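Participant: Position 21 of the sequence shown, counting from 1, maps to 307 under our numbering, and the rest follow consecutively.
Positions of the beta carbon are idealized from the N, C-alpha and C atoms, including for glycine.
Predicted, not measured: the structure shown is a model, and the values here were computed from it.
Before I ask anything, let me first share the structure, which is written out below as structure tokens.
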Amino acid sequence: MKSFLLILSTIFNLLSCSSKNNINTFIVGNDADEHGCKRSTGSQWSQTKNECIQPFTEGIKLKPVSAASTQAAYILVDYNQIEIFSTEISGSVVVHKINNNKWKNESWEIKKVNDKYILEKDGKTLYKSN
């Protein structure tokens, strides 16, 4: 009887050890884009800097003018161009200097008035700096 229990116990232990649990695990930081920027850390590719950056640490924060919107936009200012980061944009957009207080492309325009930035899309003001 003892040998029967020993064999039964051994078989039970072997079967319980061979469990095949296919658990999908998410590894934090394992979400790099084609440039190697990790979205989970807030990094995005900068066209003007040619590297991954965190727009919220390196850029100027612009607040939405609409009370319905809660997402800020960020801009990186270079002398001849400004790079825009917003949830409305996949990646970023670069606007080029028109004069000392205006940068523009086909859809986007940034104006600098009294040392504050105003971001417009298709003529509609969306964001302003403080």
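Taking Cβ to Cβ, would you say E337 is nearer than 8 Å to L362?
Facilitator: no
Participant: If you scan the segment 339-390 from start to end, which runs of the alpha helix (DSSP H) of 4 or more residues do you find wholly inside it?
Facilitator: 341-344
Participant: How many angstroms separate the CA atom of I384 from the CA atom of E395?
Facilitator: 10 Å
Participant: Have a look at K398 and Q357 and give me their C-alpha separation to the nearest angstrom.
Facilitator: 21 Å
Participant: Count the other C-beta atoms from every protein chain shown that fall within 10 angstroms of the C-beta of I293, then say buried if there are 16 or more, exposed otherwise.
Facilitator: exposed
Participant: Within the continuous beta strand (DSSP E) that includes Q330, where are the two ends?
Facilitator: 330-332
Participant: Could you name the residues that DSSP lists as bridge partners for T411?
Facilitator: E406
Participant: Helix, strand or coil for K335, going by three-state DSSP, please let me know.
Facilitator: Three-state DSSP puts K335 in coil, outside helix and strand.
Participant: Between F342 and the rest of its own chain, which residues show a CB-CB distance below 7 Å, the 5 nearest in sequence each way excluded?
Facilitator: Only residues of its own chain outside the window of five on either side were considered, and among them G328, Y360 have a CB closer than 7 Å to the CB of F342, listed in chain order.
Participant: In whole angstroms, give me the CA-to-CA distance for T334 and S355.
Facilitator: 27 Å
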